[in-house]
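Trainee: Under numbering that gives the first Met the number 0, the residue at position 92 of the sequence shown is numbered 91, and the numbers go up by one with no gaps. Yeah, the Cβ is synthetic: ideal placement off N, Cα and C, and Gly gets one too.
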Amino acid sequence: MKTIRRCLLLALAMGCPTGTAQTVYKCHDAQGRSIYQATPCTTGTTQAWRREMEASPTIAAAPAASARPTATPAPRRPSRTPPGRRQGPQGAVISLHRDADACARTKAQRDRALAHRGLKRTFLELRRWDERVQEACR
């Protein structure tokens, strides 16, 4: 009975937050980008500020800050737009001018293909021809 109580007390003690504070550093690199990290600023960066933060239970349960890699911002990709040219919206170009005879030509092609196949036409073949005619007659 005593061992069960000891195990429970030990489990509760391990699961409780310790209430320690964590230090957060804000550094600026040579390009002026801000970097937030748990370790002091390295050479080549300047320290903007240092804050002591009270640890919450979720932070206390997380692995130690030294075990985690510090986050660095991803480099920006260079623009493919030549200088002096404004990049407009991208997308497909849809022509509003349709061929007036496309519907009649597609119906004639369908009739010739079905006459050539005779009674050996399949449902899939009929459906494909109907979709072509419908697309051409829109």
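Look up residue 46 in the DSSP assignment and say whether it is helix, strand or coil.
Mentor: Working through the sequence shown from its first residue, we reach residue 46 at position 47. In the structure shown, residue 46 sits in a strand (DSSP, three-state: E or B).
Trainee: Taking the beta strand (DSSP E) that residue 36 falls in, what are its first and last residues?
Mentor: Looking up residue 36 in the sequence shown gives position 37. Segment 33-36, the beta strand (DSSP E) holding residue 36.
Trainee: Residue 26 bridges to which residues according to DSSP?
Mentor: Against the sequence shown, residue 26 aligns to sequence position 27. 34 and 46, per the DSSP bridge assignment.
Trainee: Distance check for residue 115 and residue 130, CA to CA, integer angstroms please.
Mentor: On the sequence shown, residue 130 is found 131 positions in, with the first residue counted as 1. On the sequence shown, residue 115 is found 116 positions in, with the first residue counted as 1. Cα-Cα distance, rounded: 19 Å.
Trainee: How many angstroms separate the CA atom of residue 24 from the CA atom of residue 30?
Mentor: The residue given as residue 24 occupies position 25 in the sequence shown. The residue given as residue 30 occupies position 31 in the sequence shown. Cα-Cα distance, rounded: 18 Å.
Trainee: Around the Cβ of residue 148, are there at least 16 other Cβ atoms within 10 angstroms (buried) or fewer (exposed)?
Mentor: What the structure shows of the chain is the stretch from 0 to 137, and residue 148 is not part of that stretch, so it cannot be assessed.
Trainee: For residue 106 and residue 99, what's the separation of their Cα atoms in angstroms?
Mentor: Counting from 1 along the sequence shown, the entry for residue 106 is found at position 107. Counting from 1 along the sequence shown, the entry for residue 99 is found at position 100. Going from the Cα of residue 106 to the Cα of residue 99 covers about 13 Å.
Trainee: Are the beta-carbon atoms of residue 27 and residue 41 separated by less than 9 Å?
Mentor: As a position in the sequence shown, residue 27 is number 28, starting the count at 1. As a position in the sequence shown, residue 41 is number 42, starting the count at 1. No; because the gap between Cβ atoms is not below 9 Å, this pair is not in contact.
Trainee: So residue 111 and residue 132 are in contact, right, with Cβ under 8 Å, and what is the actual spacing, rounded?
Mentor: Along the sequence shown, one-based indexing puts residue 111 at 112. Along the sequence shown, one-based indexing puts residue 132 at 133. About 13 Å; that fails the 8 Å criterion.
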